[in-house]
Amino acid sequence: MVYGDLEDEKDFNDDHREEITDFVQSIPGFRECDEEDVETWMACDAEDCGFQMLNDDEIGTSAQEESEPVDDETDEDEDSNNNESSKGPSNSDAFSALEITMEGYE
1 MVYGDLEDEK DFNDDHREEI TDFVQSIPGF RECDEEDVET WMACDAEDCG FQMLNDDEIG
61 TSAQEESEPV DDETDEDEDS NNNESSKGPS NSDAFSALEI TMEGYE
């Protein structure tokens with residue numbers, strides 16, 4: 001972040017702090033909150049984006065860790081199930097993997 005960006009962000013926060021404070025004070029139970037409280041909350045939120053930032057490898061690892069473990073099969077079971085496994089994952093397994101993958105993009 002460039003120094004000018006920090007100044008712009010500070011100006012934005014200064015411009016909106018009073019407006020945010022007025023809004024917070026309009027909520028029942030928060031009438032005692034002041035600008036200092038709002039400033040503290042804004043400082044805390046600046047450090048936490050609210051979600052995980054993962055790269056492609058981390059998303060793949062996360063999806064693999066959360067998927068159901070595969071049971072070890074005997075040679076006889078592998079032969080009888082070979083046709084089934086060549087078709088790909090079941091719809092529920094594919095949907096589950098997709099949900100896990102999409103969590104990384106949200």
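Residue numbers (the UniProt record's numbering): 1 to 106.
In this text, a Cβ means the ideal position worked out from N, Cα and C, and glycines have one as well.
Fair warning: this is a prediction, and the values are worked out from it, not measured in the lab.
Counting along the chain, the unbroken alpha helix (DSSP H) around methionine 102 starts and ends at 91-105. The continuous stretches of alpha helix (DSSP H) do not include glutamate 32, and DSSP gives it neither H nor E. Each residue's CA atom was taken as its position, placing leucine 54 and glycine 104 some 6 Å apart. Nearest in C-alpha terms to isoleucine 100, of all of Thr61, Gly88, Lys87 and Ser90, is Thr61. Counting along the chain, the unbroken alpha helix (DSSP H) around isoleucine 59 starts and ends at 56-66.
A straight-line Cα-Cα distance of about 18 Å links serine 96 and aspartate 57.
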